[in-house]
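Everything on this sheet refers to the single structure shown next.
Numbering (my numbering), first residue to last: 2 to 117.
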């Protein structure tokens, strides 16, 4: 069975295409809005947060390093996130608790950016 090809089938073709779009993974992700709800930044590229604590995150196998990270509570929605390892030496050394810092989020990483 193929698709309808008659003169009066425009509504059927349009509604069938509308239903089938929801089986596309990228379309569903873009139009449901759950990706924005799960994102701690809420779709923004940068956010400000308050440093709660300094933590050491262990690296994946086969490395045995401890990455210097900080736990931050975002100002805009109160969510607590851990920033990824930053190549700069300041995340642990010069960052005090209860200090306001700006975070940059791109792809799956959330990095602390020293703009302030």
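The beta carbon of each residue, even a glycine, is placed where N, CA and C say it ideally should be.
Residue i, enclosing alpha helix (DSSP H) - first and last residue
i: residue 39; result: 35–39
i: residue 48; result: Unbroken run through residue 48 is the beta strand (DSSP E), 47–59; no alpha helix (DSSP H).
Per DSSP, cross-strand counterpart(s) of residue i
i: residue 83; result: 72
Residue i in three-state terms, based on DSSP
i: residue 4; result: coil
i: residue 14; result: helix
i: residue 9; result: coil
i: residue 102; result: strand
Beta-carbon contacts of residue i that lie in its chain and below 7 Å, excluding the five residues immediately before and after
i: residue 60; result: 66, 68
i: residue 99; result: 51, 52
beta-carbon residue i near the ligand PLP non-hydrogen atom, thresh 7 Å
i: residue 103; result: Of ligands this structure carries none, so the ligand PLP is not represented either.
Own chain, CB closer than 6 Å to residue i, minus 5 neighbours either side, in chain order
i: residue 42; result: 48, 106
i: residue 58; result: 68, 70
Sequence-distant residues of the same chain with beta carbon closer than 8 Å to residue i, five excluded per side
i: residue 13; result: 5
i: residue 73; result: 50, 51, 52, 53, 81, 82, 83, 84, 102, 104, 113
i: residue 36; result: 30
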